[in-house]
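Q:
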Amino acid sequence: MSIRIDDVILDDDASKAALSGTSGNLRLGGNGVDGDVLLFPSEGDLSNNNSSTFHLDANGGNLWMGGNGKDGDLVIFPANASSNNDTGDATFHFDGDGGNLWMGGNGKDGDLVIFPANASNNHDTGDATFHFDGDGGNLWIGGNGTDGDILLFSSSVTDNHDTSEASIHLDANAGDITVRNTGVAEEFAIAESVDVLPGSVMVLDKNGLLQPSEVAYDKRVVGIISGAGHYKPGLVLDKQVGKRHRSPIAMTGKAYCLVTAKNSPIQVGDLLTTADIPGHAMKAKDTQKAFGAVIGKALAPLEHGTGLIPMLVALQ
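In the working numbering, the protein residues as written are 378 to 693.
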């Protein structure tokens with residue numbers, strides 16, 4: 378025996394839930410009621426929404442999957458997949474436990490294509506403003522009247538829609554790469570017995586390792602340990618993660634430097650060279666001796682004593 382029911386309607390006055398056999402639709406919510414779909418594991422508590430492992434939230438427009446000891450994945454298979462229980466056969470796998478998104482493979486090109494609101498065809502990748510191309514291994518951003526930028530923010534930023542707060546801004550319209558930090562540095566090996574501070578002037582020893590300068594007008598000078606004051610290197614070359622006794626040396630741009638005015642006050646624009654105080658620079662008064670030993674140019678004065686001043690690094 379069979380019973381045929383075309384429509385099931387709950388709460389007819391407001392039609393808060395309707396299952397229509399005629400149209401093949403299930404309608405939930407509306408009329409002041411939030412229509413959600415919740416699925417619970419066998420050990421779940423039906424009276425506690427938070428114990429569900431699948432929650433389709435109409436008010437928030439959200440889909441919550443996983444949690445409560447369950448891995449929430451979204452796995453989509455092509456028509457020719459031999460098994461829809463083997464994630465290795467999927468062409469789209471959103472992995473909740475790993476926090477990964479796997480797209481493509483198994484004979485399919487996995488692309489991520491995003492279109493602007495005014496696109497007339499959302500199946501023509503030429504109209505897209507963002508196209509992550511799995512087959513070509515390319516990332517296309519912008520075009521079609523939209524400026525494609527890449528912005529990177531530090532963890533301390535509170536507004537990631539303020540481009541001026543970005544640490545790195547790749548600006549397609551201007552053709553610029555804007556980096557908030559300053560200068561170019563390169564990592565060098567430091568002698569193991571040496572303890573140095575940012576801003577220290579460094580020279581090469583007989584083994585090709587770096588040590589603080591301690592001789593005036595030393596032509597072995599290499600540069601300054603980066604990172605002193607509020608100037609941090611915008612680009613670090615030859616960075617070798619995990620290796621000890623290596624430090625970034627400011628090669629070009631602005632950096633803070635330890636200086637001494639013992640022999641002569643330092644004025645803005647003075648050329649600086651190594652001093653006889655370890656790790657410090659001084660005003661290069663003797664142009665003959667300074668040739669090949671100049672570190673850069675002072676950007677702030679120091680009348681007496683020792684201190685940390687900004688300078689423009691320019692070895693010469």
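Glycine is no exception: its CB is placed at the ideal position from the N, C-alpha and C atoms. As the structure is a computational prediction, the values presented were derived from the model and not from experiment.
Quick one: what's Asp-434 bridged to in DSSP?
A: In the sequence shown, the residue the question calls residue 434 occupies position 57. Beta-bridge pairing links Asp-434 to Asn-439.
Q: So for Asp-582, helix, strand or coil by DSSP?
A: Here residue 582 refers to the residue found at position 205 of the sequence shown. The answer is coil: DSSP assigns Asp-582 none of H, G, I, E or B.
Q: Report yes if the CB atom of Gly-412 is closer than 7 Å to the CB atom of Leu-405, and no otherwise.
A: Position 35 of the sequence shown, counted from the first residue, corresponds to residue 412. Position 28 of the sequence shown, counted from the first residue, corresponds to residue 405. In contact: Gly-412 and Leu-405 (Cβ atoms closer than 7 Å).
Q: Measure the Cβ-Cβ separation of Ala-632 and Ser-590 and say whether it is below 7 Å.
A: Here residue 632 refers to the residue found at position 255 of the sequence shown. Here residue 590 refers to the residue found at position 213 of the sequence shown. No. Outside cutoff.
Q: Rounded to the nearest angstrom, how far is the Cβ of Lys-674 from that of Leu-648, given a contact under 8 Å?
A: Position 297 of the sequence shown, counting from 1, holds the residue named residue 674. Position 271 of the sequence shown, counting from 1, holds the residue named residue 648. Correct: roughly 6 Å between the Cβ atoms.
Q: Buried or exposed: which applies to Leu-679, given that a residue is buried once 16 or more other Cβ atoms fall within 10 Å of its Cβ?
A: In the sequence shown, residue 679 corresponds to position 302, counting from 1. Buried.
Q: Could you name the residues that DSSP lists as bridge partners for Ala-566?
A: For this step, residue 566 is matched to residue 189 along the sequence shown. Partner(s): Arg-623.
Q: According to the neighbour-count rule (16 or more other Cβ atoms, all chains shown, within 10 Å of its Cβ), is Leu-777 buried or exposed?
A: The requested residue 777 does not occur in the structure, where the chain is confined to residues 378 to 693.
Q: Between Ala-652, Leu-692, Lys-662, which has its C-alpha nearest Gly-669's C-alpha?
A: Working through the sequence shown from its first residue, we reach residue 669 at position 292. Gly-669 has its Cα closest to that of Leu-692, out of Ala-652, Leu-692, Lys-662.
Q: Please report how far the alpha carbon of Tyr-594 lies from the alpha carbon of Ala-661, in whole angstroms.
A: Position 217 of the sequence shown, counting from 1, holds the residue named residue 594. Position 284 of the sequence shown, counting from 1, holds the residue named residue 661. For Tyr-594 and Ala-661, the distance between alpha carbons rounds to 8 Å.
Q: Rank Ala-627, Thr-651, Met-659 by C-alpha distance to the C-alpha of Lys-639 and give the top, closest one.
A: In the sequence shown, the residue the question calls residue 639 occupies position 262. It is Met-659 whose Cα lies nearest to the Cα of Lys-639.
Q: Assuming contact is defined by CB atoms lying nearer than 7 Å, are Phe-507 and Ile-527 in contact in what I supplied?
A: The residue you call residue 507 lines up with position 130 of the sequence shown. The residue you call residue 527 lines up with position 150 of the sequence shown. No; because the gap between Cβ atoms is not below 7 Å, this pair is not in contact.
Q: Under a Cβ-count criterion, where at least 16 other Cβ atoms within 10 Å of its own Cβ denotes burial, should Thr-399 be classed as buried or exposed?
A: Translated into positions along the sequence shown, residue 399 becomes position 22. Per the 10 Å Cβ criterion, exposed.
Q: Could you check whether His-622 and Glu-569 sit closer than 7 Å to each other, using their CB atoms as the reference points?
A: Numbered from its first residue, the sequence shown carries residue 569 at position 192. Numbered from its first residue, the sequence shown carries residue 622 at position 245. Yes, the Cβ-Cβ distance between Glu-569 and His-622 is below 7 Å.
Q: Write down the C-beta distance between Val-598 and Val-580 rounded to the nearest angstrom, noting that I regard them as a contact closer than 8 Å.
A: Locating residue 598 in the sequence shown gives position 221, where the first residue counts as 1. Locating residue 580 in the sequence shown gives position 203, where the first residue counts as 1. That belief holds up - the Cβ atoms of Val-598 and Val-580 are roughly 5 Å apart, short of 8 Å.
Q: What did DSSP end up calling Gln-665 once you bin it into helix, strand or coil?
A: Residue mapping note: residue 665 aligns to position 288 of the sequence shown, counting from 1. Gln-665 falls in the helix class under three-state DSSP.
Q: Using the Cα positions of Leu-612 and Thr-683, report the straight-line distance between them to the nearest angstrom.
A: Here the question's residue 612 lines up with position 235 in the sequence shown. Here the question's residue 683 lines up with position 306 in the sequence shown. Spanning the two alpha carbons is a distance of roughly 28 Å.
Q: Which runs of the beta strand (DSSP E) spanning at least 3 residues fall entirely within the region 486-557, listed in chain order?
A: The region 486-557 contains these whole beta strand (DSSP E) runs: 489-491, 507-510, 515-518, 527-529, 545-548, 553-556.
Q: Quick check on the DSSP output: what are the complete beta strand (DSSP E) runs of length 3 or more inside the region 643-689, in order along the chain?
A: Listed in chain order, they are 648-651, 658-660, 671-675.
Q: Could you spell out the range, first to last residue, of the beta strand (DSSP E) harbouring His-470?
A: Here residue 470 is taken as the residue at index 93 of the sequence shown, counted from 1. Element bounds for His-470: 469-472.
Q: Assess, as a yes-or-no matter, whether the region 466-477 is touched by the region 445-452 under the definition of 3 or more beta carbon pairs within less than 8 Å.
A: Cβ pair count under 8 Å is three or more, so yes.
Q: By the three-class DSSP mapping on this structure, what secondary structure does Asn-408 have?
A: The count along the sequence shown starts at 1 and reaches residue 408 at position 31. It is coil, neither helix nor strand.
Q: In this structure, what does DSSP give as the bridge partners for Asn-477?
A: The residue labelled residue 477 in the question sits at position 100 within the sequence shown. The partner list for Asn-477 (beta bridge, DSSP) reads Asp-472.
Q: Look at the alpha carbon of Met-688 and the alpha carbon of Ala-562, and state the distance between them as a whole number of angstroms.
A: Taking the sequence shown and counting its residues from 1, the one referred to as residue 688 is at position 311. Taking the sequence shown and counting its residues from 1, the one referred to as residue 562 is at position 185. Each residue's alpha carbon lies about 14 Å from the other.
Q: Ala-652 and Thr-637 look like a contact to me (Cβ under 8 Å); what is the Cβ gap, rounded to whole Å?
A: For this step, residue 652 is matched to residue 275 along the sequence shown. For this step, residue 637 is matched to residue 260 along the sequence shown. Right, their Cβ atoms sit about 5 Å apart.
Q: Going along the chain, which residues of its own chain have a beta-carbon closer than 7 Å to the beta-carbon of Ala-543, five neighbours each way excluded?
A: Translated into the one-based positions of the sequence shown, residue 543 becomes position 166. For Ala-543, where only same-chain residues beyond five positions count, the Cβ hits under 7 Å are Leu-528, Leu-529, Phe-530.
Q: Across which residues does DSSP place Gly-576 in a beta bridge pair?
A: Mapped onto the sequence shown, residue 576 falls at position 199. DSSP output for Gly-576 lists no bridge partner at all.
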